[in-house]
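Engineer: For the record, the sequence lines run as chains A and B.
7 is the number of the first residue of the first sequence in this note's numbering; add one for each residue after it.
-5 is the number of the first residue of the second sequence in this note's numbering; add one for each residue after it.
Quick one: the structure is below, questions incoming.
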Amino acid sequence: MREWIEVFKRGISIDNPLTVLMIGLCATLAVSTKLEGALFMGLAVIFVLGMSSIIVSSIRSLVPEQVRIPVFIVIIASFVTVVDLTMKAFLPDIYTFLGVWIPLIVVNCMILGRAEAFSYHQPVRLAIADGLGMGLGFSIVIVLLAAIRELFGSGEIVFLGARLIALPGWYRPPGVLLLFPGAFLVFGFIVALAKWYNTRTSGRVVQTDAHCTIEEGVR
Amino acid sequence: MAKRAASTPLNMIGAVLATCLVAASALTVTYELTRERIIEQERAAERAALDAVLPGTGSIESAEELVASATEAAGSVTLQGVYRAYDAAGALSGWGVRVAPRGYSGPVSMVVGLDRDGSVLGVSIITMSETPGLGTKIVTQEGWIEQFVGWQGADIDASAREFDAIAGATRSSAAVRNGVTAAGRVYAEVLSAEEGGAQ
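What follows is the structure, given as structure tokens:
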């Protein structure tokens, strides 16, 4: 159980797909203009990542290495299509907002990356922990990013048609926050915050770049 | 760790085939379960848009037989449907033209309502993927979309000279204008000739 929690926590903190591994960024930057869209994007990713982790891990001994990628892609694409059809049927407004980004979860390197790097080599129990942890880590960051961008970029947060928070009328929202430069700016601050937090809590320097995590003991 | 299946031809073909089969069946089930609802949602959205742009009409029917020639008249703008509107007495009262001009980040699917003389009654946007806060002003900016009311389908290019775009949403605004002018051309080239013979 300790191991399970450890793996689960890694996806949120020191192996966070967005702030540390920096994978799956393009969808994140694109849909984080509205809180409700980002929240459902997060849920969609948790579902797809969780389900594909379970399936990949449970059939891992049956899949020869040479054909693993087509098999993973078919599994991932199927779960994404399930999400796509379900959202289209029951949440048409959210679906309209997320648009092409839902089908594009198929090629989100976070999902295929976790199947390759983790689920294909680990027992189902841990694969679930990894899928959920990574998915939750993704969701927390994208929701935070979207909340900041929507509130300060458009002056209010609207969730499923209800206005949650509105800034006073004298506040003139800078439109740049809703555009891509704004996404990068806010994301940069979130990365800094996450790095500060990770360094403080784990007591070590977590050095990152786009491809790997190098951990150095400093204490 | 579990032993991996050997990479024999049989194993490889088997693994891929089995995965595809299971995936295909699962997707078929999902599709069947959601199909009705998806069609329903799309119809409801379209119906609401048509009702909004054709006020006070009795019934609205799709005019399938005009779609081919209307597509040609719309030119580079994608045409998604043509509708006849009848008043309470059953006489033809106007037209609905559904078009999807290209916006800043994808098609802007919208319905343009025209009366019998080709005068624009209203424009309603069904789906779009414009930048929230900027391009979405084509829907949220009060009074903006009403500027198209009264444009003349028979001479749409003259009406289009009076066009007022939104600052910061130039391309999204232009998309709506292109949609309305395409609907105008559809009226001028196809619908105006239809009117006498239709009902």
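Every residue, glycine too, gets a C-beta built ideally from N, C-alpha and C.
None of these values were measured; they are calculated from a predicted model.
1. Identify which residue in Ser186(B), Thr175(B), Ser123(B) has its Cα closest to the Cα of phenylalanine 142(B).
2. Which bits of chain B does isoleucine 134(A) rub up against, with CB to CB less than 8 Å?
3. Can the beta-carbon of arginine 92(B) be found closer than 9 Å to that of valine 106(B)?
4. How many angstroms separate the CA atom of isoleucine 160(B) from the CA atom of alanine 18(B)?
5. Hey, out of Glu59(B), Gly97(B), Met104(B), whose CA is closest to alanine 177(B)'s CA?
6. If you follow the beta strand (DSSP E) that methionine 47(A) is in, where does it begin and where does it stop?
7. Name the residue from Asp151(B), Gln146(B), Gln135(B), Gly173(B) whose alpha carbon lies nearest to the alpha carbon of glycine 162(B).
8. Where does the unbroken alpha helix (DSSP H) through valine 164(A) begin, and where does it stop?
9. Out of curiosity, what's the CA-to-CA distance linking leucine 132(A) and threonine 22(B)?
10. I want to verify the contact list: residues of chain B whose CB lies under 8 Å from the CB of lysine 94(A), in sequence order.
11. Using beta carbons (cut-off 9 Å, strictly below), is arginine 131(A) in contact with chain B?
12. With distances taken Cα to Cα, identify the nearest neighbour of isoleucine 150(B) among Ile139(B), Asn172(B), Glu140(B).
13. Over the uninterrupted beta strand (DSSP E) stretch that includes isoleucine 171(A), give me the two end residues.
14. At 4 residues or longer, and completely inside the segment 110 to 184 of chain B: list those alpha helix (DSSP H) runs for me, N to C.
15. So, does the CB of arginine 66(A) fall closer than 9 Å to a CB anywhere in chain B?
16. Alpha carbon to alpha carbon, how far is threonine 41(B) from alanine 189(A)?
17. Who are the neighbours of tyrosine 25(B) on chain A, taking C-beta pairs under 8 Å?
18. Output needed for glutamate 42(A): all residues of its chain with C-beta closer than 8 Å, excluding positions within five of it in sequence on either side, in chain order.
19. Measuring straight from C-alpha to C-alpha, what distance separates glycine 62(B) and alanine 46(B)?
20. From the DSSP output, in three-state form, read off glycine 159(A) for me.
21. Could you name the residues that DSSP lists as bridge partners for serine 73(B)?
22. What residues in its chain sit with their C-beta under 7 Å from that of proline 109(A), if we drop five residues either side in the sequence?
23. I need the straight-line Cα distance from arginine 225(A) to threonine 207(A), nearest angstrom please.
24. Let me know if serine 67(A) comes out buried or exposed under the rule of 16 or more other beta-carbons within 10 Å of its beta-carbon.
25. At a CB distance below 7 Å, what residues from the segment 161 to 178 of chain A approach chain B? Give them in sequence order.
26. Can you give the beta carbon distance from proline 129(A) to serine 63(A), rounded, assuming they're within the 8 Å contact cut?
27. Cα separation between isoleucine 220(A) and serine 166(B)?
Structural biologist: The structure says:
1. Thr175(B)
2. Under the 8 Å cutoff, chain B gives no residues; its nearest Cβ is about 16 Å from isoleucine 134(A).
3. yes
4. 46 Å
5. Met104(B)
6. It is not in any beta strand (DSSP E) - methionine 47(A) instead sits in the alpha helix (DSSP H) that spans 41 to 64.
7. Gln135(B)
8. First-last for valine 164(A): 162 to 165, but that is the beta strand (DSSP E), not the alpha helix (DSSP H).
9. 30 Å
10. Thr28, Ile32, Gln35
11. no
12. Asn172(B)
13. 168 to 172
14. 131 to 134, 150 to 153, 164 to 180
15. yes
16. The question names threonine, but residue 41(B) is arginine in the sequence shown. C-alpha separation (whole angstroms): 36 Å.
17. Leu91
18. Ile100, Phe103, Val164, Phe165, Leu166
19. Looking at the sequence provided, one finds alanine at residue 62(B) rather than glycine. Approximately 25 Å between the Cα atoms of the pair.
20. helix
21. The sequence as given places leucine at residue 73(B); serine does not occur at that position. Paired residue(s): Val93(B).
22. Val86, Asp90
23. For arginine 225(A), the pLDDT reaches just 33, beneath the cut-off of 50, and the residue's location in the model is therefore unreliable, although a value from the coordinates is still provided. Roughly 12 Å between the two C-alpha positions.
24. exposed
25. none
26. 7 Å
27. Confidence at isoleucine 220(A) is low in this model, with a pLDDT of 40, below 50, so its placement is unreliable and no value can be given for it.
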